[in-house]
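A.B. asks: Numbering (full-length UniProt numbering), first residue to last: 1 to 171. Even glycine gets a Cβ: it sits at the ideal position worked out from N, Cα and C. Right, I'll just put the structure down here and ask away after.
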């Protein structure tokens with residue numbers, strides 16, 4: 001099979017919902033060993049597809065078949081220091097058969113292009129599991145750099161309430 005050189009990158013649509021939910025479930029299981037509750041995930045995905053208040057999805061289509069082979073989600077973080085928003089890249093997933101073929105690189109380039117064109121956007125951020133060295137290498141290759149910040153959280157939905165200090169195996 002000939003590998004396409006030019007992926008179609010477009011906004012996610014409601015008719016993508018099954019693929020987006022499946023990709024998000026696969027990503028959570030692959031990267032964190034988490035099984036996401038399908039109904040909640042579908043409602044959350046549908047909410048974002050119906051309104052860009054909180055963010056949006058981008059998908060990568062294989063141009064010959066229009067099959068969705070990758071996704072990422074953008075959410076917004078307001079910065080009072082900059083009087084603008086950061087776009088957070090989240091829920092990155094490329095189907096295994098399509099990895100290492102430029103899919104994420106093309107999606108990332110589209111994010112950067114759109115963000116730079118919007119005067120209300122001051123930058124792009126992404127978080128990655130601390131042990132996911134493969135993803136970290138990919139992100140470095142597209143020009144992302146590790147931040148000086150660490151992420152701490154209390155998760156009321158998935159019951160994940162800790163910092164890296166609480167998980168010495170990840171420190």
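Classify residue 33 as buried or exposed, calling it buried when 16 or more other Cβ atoms lie within 10 Å of its own Cβ.
C.D. replies: So residue 33 counts as exposed.
A.B. asks: Going by DSSP in three states, residue 95 sits in which element: helix, strand or coil?
C.D. replies: Note: residue 95 maps to coil in three-state DSSP.
A.B. asks: I think residue 9 touches residue 58, with their Cβ atoms under 8 Å apart; what is that distance to the nearest whole Å?
C.D. replies: Yes, they are in contact, since the Cβ atoms of residue 9 and residue 58 sit about 6 Å apart, within 8 Å.
A.B. asks: On the DSSP bridge list, what partners appear for residue 125?
C.D. replies: Paired residue(s): 88.
A.B. asks: Of the residues 68, 14, 117, which one's Cα is nearest the Cα of residue 103?
C.D. replies: Nearest C-alpha to residue 103: 68.
A.B. asks: Using only CA atoms, which one of 123, 71, 65, 29 lies nearest to residue 56?
C.D. replies: The shortest Cα separation from residue 56 among 123, 71, 65, 29 belongs to 71.
A.B. asks: Is there contact here, the stretch 7-23 with the stretch 43-56, by at least three beta-carbon pairs under 8 Å?
C.D. replies: Short answer: they touch.
A.B. asks: Return the chain-ordered list of same chain residues with a C-beta closer than 7 Å to the C-beta of residue 139, the five sequence neighbours on each side being excluded.
C.D. replies: So the qualifying residues of the chain are 126, 128.
A.B. asks: Kindly provide the ranges of any alpha helix (DSSP H) runs that are 4 or more residues long and lie completely inside the UniProt domain "N-acetyltransferase" (7-165), ordered along the chain.
C.D. replies: Listed in chain order, the complete alpha helix (DSSP H) runs (minimum 4 residues) inside the UniProt domain "N-acetyltransferase" (7-165) are 17-32, 38-50, 103-117, 133-141.
A.B. asks: With distances taken Cα to Cα, identify the nearest neighbour of residue 79 among 18, 20, 141, 124.
C.D. replies: Comparing Cα-Cα distances from residue 79 to each of 18, 20, 141, 124, the minimum goes to 124.
A.B. asks: My understanding is that residue 76 touches residue 85, with C-beta atoms under 8 Å, so please give their C-beta distance in whole angstroms.
C.D. replies: With a Cβ gap of about 5 Å, residue 76 and residue 85 count as contacting.
A.B. asks: Is the beta carbon of residue 83 within less than 7 Å of some heavy atom of the ligand NAD?
C.D. replies: This structure lacks the ligand NAD; in fact it carries no ligand of any kind.
A.B. asks: Write down the C-beta distance between residue 24 and residue 91 rounded to the nearest angstrom, noting that I regard them as a contact closer than 8 Å.
C.D. replies: About 5 Å; that satisfies the 8 Å criterion.
A.B. asks: Judging by CA-CA distance, which residue of 30, 27, 21, 81 is the nearest neighbour of residue 40?
C.D. replies: Considering only alpha carbons, the answer is 21.
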